Each structure stands twice: as structure tokens, then as C-alpha cells.
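Structure, as C-alpha cells:
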Amino acid sequence: MTLRSAINFLLFQGVWFLALFLEQRAIIPILLIIIVMLCLSQQKQQDMLLLCYGLMISLSFEYLMVEVGFLSFSISPFPVWFVLLWCALLLTINTSMQFLHRMPWYLALLFCAVFAPASYIAGARFGALEVHPVVWQFWLIYGFAWSLMFNFIRMINAYNKKYLLVSEHK
């Protein structure tokens, strides 16, 4: 892992813990960390594009999950800190989580299906959100759906990366 990837990973972890423990009170520090993540990005154009469509896809997915009852927050449909957490997560795709691009697609799906629900369940244990139904059902159903959504974002990102590289060489 390069130094840039390690810093990106640590910054995301900082955002996650700030969001988990401080929720709405963490908005300013999280915004500052996101700015640092963008400043450190070696692919700013691609990351900005990723934020635009990635947020639309991920927040639409999360909104649907809130509406069908898989998640709930104290602020409906979800709080600002959650949106910012998604921004930070998306900014890891091209840096600290680029190892997912080197995995076979089915392992990337499995990785996300296992680890994403764990993050939500941890957040629920600290009271930042609620997950429904019971934990094992949430893990299976939400994990699978989240994994498909996130890997769809990654696919679009990979396509955009190729397109941006081609357009830069013209």
C-alpha cells in the first residue's frame, strides 16, 4: 500500500469514527477531511465525477432502503453526516480501495457483502442508526443489495477512467 493510499484509508476511518460518535456535530470536521482527500487525489477529475454519479446512485439506494424499512435514522430520510460519509467512501474507490479493481468480480462482490453490513451494524450498536430486520437477515439481504450497488458504481468508475484517459491523450 502506498503512502497516499494509507493516508486516504486513515482519513476515511477518521470520517467514519467522527460520523459514528459525533453525528451532526461532525459535519465541519468531516467536510475538512473530504477537502483534504480531494486535495490529495491524483485523479481529481475522475474523483469529482465519481462523487456526482456515485452520490446519486448510493443515496437513491439508501433512500430506498430507508423507505422499505431496512434502515432508519433520527433524521429522515438520512442525516447530512451520512451523506458526507458516503462522499468520503466514494473518495476511497480510486485510492485505498483500488485493490477491489484487481479482484475477480465475484470476490469484490463477496468482500462488499461481508464488510459493508458490518459497518452499518457497528453504527447501529453505537446508536447512529437502526438496522431492520434481525441482524442476520439484514446482513444477507442488505449486504447483497449494497454490494451490487457499490460494485455498479465501481464499474461506472472503471469505464469513466478509461474514457478520461482516452480523452486526455487526444
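First residue of the sequence shown? That's 4 in this note's numbering, and the numbers climb one at a time after it.
Yeah, the Cβ is synthetic: ideal placement off N, Cα and C, and Gly gets one too.
Being a predicted model, the structure only gives us computed values, none of them experimental.
In the DSSP assignment, what are the bridge partners of residue 133?
-> Stepping through the sequence shown from its first residue, residue 133 is reached at position 130. DSSP, once it has assigned bridges, lists 75 as partnering residue 133.
Are residue 60 and residue 155 closer than 8 Å when you measure CB to CB?
-> For the purposes of this step, residue 60 is taken as the residue at position 57 of the sequence shown. For the purposes of this step, residue 155 is taken as the residue at position 152 of the sequence shown. Contact: yes.
Would you identify the three-state DSSP class for residue 81, choosing helix, strand or coil?
-> For the purposes of this step, residue 81 is taken as residue 78 along the sequence shown, with counting starting at 1. Here residue 81 sits in coil by DSSP.
Taking Cβ to Cβ, would you say residue 57 is nearer than 8 Å to residue 14?
-> Position 54 of the sequence shown, counted from the start, is the residue given in the question as residue 57. Position 11 of the sequence shown, counted from the start, is the residue given in the question as residue 14. Going by C-beta atoms, residue 57 is not nearer than 8 Å to residue 14.
By how many angstroms is the C-alpha of residue 76 removed from the C-alpha of residue 143?
-> Your numbering for residue 143 matches position 140 in the sequence shown. Your numbering for residue 76 matches position 73 in the sequence shown. Cα to Cα, the separation comes out at about 20 Å.
Could you check what DSSP says for residue 13 in three-state terms: helix, strand or coil?
-> Residue mapping note: residue 13 aligns to position 10 of the sequence shown, counting from 1. Correct three-state label for residue 13: helix.
What whole-angstrom Cβ distance do residue 83 and residue 30 have, given they're in contact under 8 Å?
-> To locate residue 83, count along the sequence shown from 1; it is residue 80. To locate residue 30, count along the sequence shown from 1; it is residue 27. Confirmed, about 6 Å.
Which of the three DSSP states, helix, strand or coil, is assigned to residue 40?
-> Position 37 of the sequence shown, counted from the start, is the residue given in the question as residue 40. The answer is helix: DSSP assigns residue 40 an H, G or I state.
Ordered along the chain, which non-local residues of its own chain (more than five positions away) have a Cβ less than 8 Å from that of residue 91?
-> Residue numbering aside, residue 91 sits at position 88 when the sequence shown is read from its first letter. So the qualifying residues of the chain are 14, 15, 18, 19, 33, 36, 37 and 40.
Outcome for residue 172 when other beta-carbon atoms lying within 10 angstroms are tallied against a minimum of 16 | By one-based count along the sequence shown, residue 172 stands at place 169. At residue 172, the pLDDT of 46 sits below 50, so the modelled position is not reliable and the matter cannot be decided from this model.
Do the region 103-111 and the region 127-143 meet, that is, are 3 or more Cβ pairs less than 8 Å apart?
-> no
Please state if the CB of residue 73 and the CB of residue 135 are separated by a distance shorter than 8 Å.
-> As a working mapping, residue 135 is identified with position 132 in the sequence shown. As a working mapping, residue 73 is identified with position 70 in the sequence shown. Going by C-beta atoms, residue 135 is nearer than 8 Å to residue 73.
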